[in-house]
Amino acid sequence: MNTSLNEVAFSYERRRRKSRPADLTLILKQVKLDIPSGEMLAVAGKSGSGKSTFMQLIKGFLKPTFGQILLENTDPYGAKRPELFDRVGFIFQYPEHQLFSSTVEEDIAFGLRQSPYTPEEKQAKVKRAMESVGLDYETFASRSPFELSGGEKRRVAIAGVVVLEPELIILDEPTAGLDYPSRTALFEMLHGLNAEQGTTILWVSHQLEEILEHASRVLVLKEGDFIADGPPRQVLSDRSLLGAMGWELPAALALAELLAETHGVSLDRPWDLREVVPELIRLCGRKQPSAKGESPWLQ
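Numbering (full-length UniProt numbering), first residue to last: 1 to 299.
Set out below in structure tokens:
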């Protein structure tokens, strides 16, 4: 599903008759943006920059003060088609805190309770949703969600959104609180949804390494304005942008740049320390440190 923001601005102040954007305190400032179907798009920015407002506007939790949200070239408000927002799935930070049913299957099926599907059709949808997030139906369906690991709980919560077959899934810091294996497994699942079902993935992250590894595009939001938009490696290598945001260049990327400058070494995954560090070790073993104590890869 193609999603567009056409000069969208938002304020929590009540809009006055004939008011202009300049008359209100705007949380989001006249954003013009296109999100093509099938993207893996990350949003980065400091707390209070407007990330939550941006996501809630796309889901329809908030209505633009000015401008239009377009889903497949249709304004759900102007066309009086609010059901278009049902094609957008929204997963809050720590979604496992919202689990409440006695079994995994009941929790995932909750969103289908008002649907016209038969019990057999609902079960089939739950099975497919569980398979898509890497949960075996026979193993997990009858278990209590409260007995699962943190990563498994999050998968159950995401399956509860996936079962509704959204075309765009929005996630608020999906890896918060997860250990490394769980984070890795979660993104394998998200990439699977993106590749196999064409689901657009939009997520908020404060982890630059995570963005470099998994996003095809990153948006950087500051005080209600998107100040950067592009491929993560290009955007997050911009020293002026990093300075404006108070960010440091990710360690792996800095080391990879050093390797490229000093040895002409080009890495496929320069943001991944698991690839960068072995190359550094190889070069350290190849050269001896100088008498002045210089690092061997700088000689």
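Glycine is no exception: its CB is placed at the ideal position from the N, C-alpha and C atoms.
All figures in this text were calculated on a predicted structure; none of them were measured in a lab.
Skipping 5 residues on each side, what residues in its chain have a beta carbon closer than 7 Å to that of S11?
Position 11 of the sequence shown, counting from 1, holds the residue named residue 11. For S11, where only same-chain residues beyond five positions count, the Cβ hits under 7 Å are L24, T25, L26, I27 and T65.
One or two residues paired with I170 in a DSSP bridge
To locate residue 170, count along the sequence shown from 1; it is residue 170. Bridge partners of I170: F90 and L202.
Three-pair Cβ contact test at 8 Å for the segment 153-160 versus the segment 105-113
yes
Close Cβ partners of D229 (< 8 Å) along its chain, the five nearest in sequence each way excluded:
What you label residue 229 is simply residue 229 of the sequence shown in a count that begins at 1. Only L33, R217, V218, L219, V220 and V235 meet the Cβ criterion.
Could you tell me the alpha carbon to alpha carbon distance between G31 and G60, rounded to whole angstroms?
The residue given as residue 31 occupies position 31 in the sequence shown. The residue given as residue 60 occupies position 60 in the sequence shown. The displayed chain sequence assigns Val, not Gly, to residue 31. Distance between the alpha carbons of V31 and G60 is about 16 Å.
On a Cα-Cα basis, can you pick out the residue from Q93, L190 and K18 that is closest to V204?
Counted from its first residue, the sequence shown places residue 204 at position 204. Comparing Cα positions, the closest option is Q93.
Quick check on H191: buried or exposed, where buried means 16 or more other Cβ atoms within 10 Å of its Cβ?
Counting from one through the sequence shown, the residue named residue 191 turns up at place 191. When all chains shown are included, H191 counts as exposed.
Whose CA, out of Q98, W271, N2 and K127, lies closest to the CA of L208?
Along the sequence shown, read from residue 1 onward, the residue named residue 208 stands at position 208. The shortest C-alpha separation from L208 is found at W271.
Can you tell me which of R81, R128 and L212 puts its alpha carbon nearest to the alpha carbon of D268?
In the sequence shown, counting from the first residue as 1, residue 268 sits at position 268. Considering only alpha carbons, the answer is L212.
Measure from the alpha carbon of P278 to the alpha carbon of each residue in A22, A252, T262 and E261, then state which is nearest.
Counting from 1 along the sequence shown, the entry for residue 278 is found at position 278. The shortest Cα separation from P278 among A22, A252, T262 and E261 belongs to A252.
With DSSP run on the structure shown, which of helix, strand or coil describes Q114?
Here residue 114 refers to the residue found at position 114 of the sequence shown. Note: Q114 maps to coil in three-state DSSP.
Please classify Q207: does DSSP put it in a helix, a strand, or coil?
Counted from its first residue, the sequence shown places residue 207 at position 207. Reduced to three states, the DSSP call for Q207 is coil.
Buried or exposed for E39, please, with buried defined as at least 16 other CB atoms from any protein chain shown within 10 angstroms of its CB.
Residue numbering aside, residue 39 sits at position 39 when the sequence shown is read from its first letter. Classification for E39: buried.
Residue span of the beta strand (DSSP E) that contains G230, given as start and end
Taking the sequence shown and counting its residues from 1, one reaches residue 230 at position 230. Note, G230: beta strand (DSSP E), D225 to G230.
Apart from the five residues just before and just after residue 323, which ones in its own chain have a Cβ nearer than 7 Å to its Cβ?
Given a span of 1 to 299 for the chain in the structure shown, any question on residue 323 remains unanswerable.
Candidates P95, E275, Q56 and K122: which alpha carbon is nearest L168's?
Along the sequence shown, one-based indexing puts residue 168 at 168. Residue Q56 is the option with its Cα nearest to L168.
Cutting at 7 Å between CB atoms, please list the residues of its own chain near N6, excluding the five before and the five after it.
Here residue 6 is taken as the residue at index 6 of the sequence shown, counted from 1. Hits under 7 Å: K32, G67, Q68 and L70.
Using 8 Å as the Cβ pair cut-off and three pairs as the minimum, do the segment 192-202 and the segment 39-55 touch?
yes
Nearest-angstrom Cα distance between V88 and L171?
The residue labelled residue 88 in the question sits at position 88 within the sequence shown. The residue labelled residue 171 in the question sits at position 171 within the sequence shown. Cα to Cα, V88 sits roughly 11 Å from L171.
C-alpha gap between T262 and L283, whole angstroms:
Taking the first residue of the sequence shown as 1, we reach residue 262 at position 262. Taking the first residue of the sequence shown as 1, we reach residue 283 at position 283. T262 and L283: Cα-Cα distance of roughly 11 Å.
Span separating the alpha-carbon of A129 from that of N2:
Along the sequence shown, read from residue 1 onward, the residue named residue 129 stands at position 129. Along the sequence shown, read from residue 1 onward, the residue named residue 2 stands at position 2. Looking at the two C-alpha atoms, the distance is approximately 23 Å.
CA-to-CA distance, E165 to F187, given in whole angstroms:
As a first step, residue 187 is located in the sequence shown; it is residue number 187 there, counting from the start. As a first step, residue 165 is located in the sequence shown; it is residue number 165 there, counting from the start. Looking at the two C-alpha atoms, the distance is approximately 18 Å.
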